[in-house]
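If you read the protein sequences in the order shown, they are chains S and G.
Residue numbers 2 to 179, in this note's numbering, belong to the letters of the first sequence in order.
Residue numbers -10 to 80, in this note's numbering, belong to the letters of the second sequence in order.
Note sheet for the following structure.
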Amino acid sequence: MLVIRADLVEEIVAHARRDHPREACGQLLGPEESDRPERYVPMTNADDAEARGSDYRFDSREQFAVHKQALENDEEPVVVFHSHTRVPRRPLTDSGRPEAYPSVKDIEYMGLQPGVHFAIVALTGPDAEPDLRSFLLGPDGEVVEDEIQVVENYMFSHTGAGDVPPVAALAPDVPDRS
Amino acid sequence: MSATVSIPTILRTHTGGEKQVKADGSTLQEVIADLDANHPGIKDRLVTDGALHRFVNVYVNDEDVRFAGGLDAQVPDGGTVTILPAVAGGR
C-alpha cells in the first residue's frame, strides 16, 4: 500500500511530462520510518545524455547532497520514482507501449533498497494519459505491486503503524476515509 | 588512520545492524579490507573485479571516490566514508 498526497502525484507526473522522452527520476522523502512521502526531489538522470529514454541513474553527487539534507531533517527516501517512455525491453503486455511495470534492471536495483517503494509512470508521450504504479520488495524478495491510495492530505488516513489513530477514535461522526 | 564508515541498510546484516562503524586505512582499498576483516563478506558487496561495484556509490569526506581515485582514494585520519546504494533502472 502506498498512501500519497495528490499534489505529489501531480509533481511526479509533471516531471515525467517535462523530461519526456528521457526517463524522469526522483525521490519522495518523508520522515524516517513513517512510510509517508512528504516532498518530491526531482533528480538529474545521469544516464541518458542522448535522450534515448531507455535508462536512468541518479547522479551520485546529487544523491549524496540529498542524502545529507535528509539526515539533517530526519527524513529518508520513501519512494524512488522514474518514468518509462519506451516499449519495454521485455514487454509484459502486447500493447506496444511503455509499461509501468519494473523491468529486470529496475528489480535489480530495487533489491538494494528493501522497504522503499518504487513508483513508475508510463508515458507514451508528453501529453499522454499517465499510468502510475508502485512496487515494493516483499519479505521473500518477491516484487509486490502496491495498492496506491491518492489522498488530498494525510489527516484521517492511516499512514503509519501507530502514527495516526483510526478516525473512529478521534471523532465518531466523521466518515472514515482511511 | 581511522575513519567512520556509514553503512546503508542493505549492508547492515554484515555489521550486526550497526549503521556506523570504524575502520582503519589510508586508502579506500585499505579501509574496505579492514571493514571486511571485522565484518566478513562486506568486501564482496562493495568490490568486484578489483573495482567498486556499480551497485554502490562511495564518498570519502563528501566526495564521490569515482572522481577521486576510486579504490586508491585517500582517506584522511578521522575522515568519513559514506556508502549509498546506487539508484538506477530503465525500460
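Each residue gets a CB set at the ideal place from its N, CA and C atoms; glycine is no exception.
Any beta carbon from chain G within less than 8 Å of residue i's own beta carbon?
i	result
glutamate 24 of chain S	yes
tyrosine 110 of chain S	yes
leucine 113 of chain S	yes
aspartate 20 of chain S	no
Spatial neighbours of residue i within its chain, please: C-beta separation below 8 Å, excluding the five flanking residues on both sides.
i	result
threonine 125 of chain S	Thr86, Arg98 and Pro99
glycine 78 of chain G	none
aspartate 20 of chain S	Asn46 and Ser84
glycine 139 of chain S	Val145
Consider the Cβ of residue i: report whether some Cβ of chain S lies at a distance smaller than 8 Å.
i	result
threonine 69 of chain G	no
proline 74 of chain G	yes
aspartate 33 of chain G	no
glycine 50 of chain G	Per the sequence shown, residue 50 of chain G should be read as asparagine rather than glycine. With 8 Å as the cut-off, asparagine 50 of chain G does not count as an interface residue toward chain S.
isoleucine -4 of chain G	no
Can you tell which of the options has the C-alpha that lies nearest to the C-alpha of residue i?
i	options	result
lysine 11 of chain G	G:Ser(-9), G:Ile21 and G:Gln18	G:Ser(-9)
proline 115 of chain S	S:Leu137, S:Arg18 and S:Val88	S:Leu137
leucine 113 of chain S	G:Asn27, G:His42, G:Val(-6) and G:Gln9	G:His42
lysine 118 of chain G	G:Thr(-2), G:Thr16, G:Leu17 and G:Ser15	Because chain G is modelled from -10 through 80, residue 118 of chain G falls outside the range shown and cannot be assessed.
proline 38 of chain S	S:Glu11, S:Ala50, S:Leu3 and S:Val67	S:Leu3
proline 89 of chain S	S:Leu30, S:Arg53, S:Gly142 and S:Ala7	S:Arg53
Using C-beta distances below 6 Å, list every residue in its chain close to residue i, excluding the 5 sequence neighbours before and after it, in chain order.
i	result
aspartate 43 of chain S	Checking the sequence shown, residue 43 of chain S turns out to be proline, not aspartate. Closer than 6 Å at the Cβ level, and outside the excluded window around proline 43 of chain S, lie His16 and Gly27.
threonine 71 of chain G	Ser(-5) and Tyr48
aspartate 60 of chain S	Thr45 and Ala47
arginine 58 of chain S	Ala47 and Asp48
Would you say residue i and residue j are within 8 Å of each other, going by their C-beta atoms?
i	j	result
phenylalanine 65 of chain S	aspartate 13 of chain G	no
arginine 62 of chain S	tyrosine 102 of chain S	no
arginine 80 of chain G	serine 55 of chain S	yes
aspartate 107 of chain S	valine 79 of chain S	no
isoleucine 13 of chain S	isoleucine 149 of chain S	no
leucine 60 of chain G	isoleucine 31 of chain G	no
alanine 75 of chain G	tyrosine 110 of chain S	yes
Here's a check: name, in chain order, each residue in its chain whose Cβ is nearer than 7 Å to the Cβ of residue i, leaving out the five neighbours to either side.
i	result
methionine 156 of chain S	none
valine 105 of chain S	Arg91
alanine 62 of chain G	Thr16, Leu17, Val49 and Val54
Closer than 8 Å, CB to CB, is residue i near chain C or not?
i	result
alanine 62 of chain G	Within the model displayed, chain C is absent; protein chains S and G are what it includes.
Residues within the stretch 54 to 69 of chain S neighbouring chain G, beta-carbon criterion of under 8 Å: Gly54, Ser55, Asp56, Tyr57, Arg58, Phe59, Ser61, Arg62, Gln64, Phe65, His68 and Lys69
Residues within the stretch 80 to 99 of chain S neighbouring chain G, beta-carbon criterion of under 8 Å: Val81, His83, His85, Thr86, Arg87, Val88, Pro89, Arg90 and Pro99
Residues from the stretch 14 to 30 of chain G in contact with chain S, defined by Cβ distance under 7 Å: Going along the stretch 14 to 30 of chain G in chain order, one finds no residue with a Cβ nearer than 7 Å to chain S.
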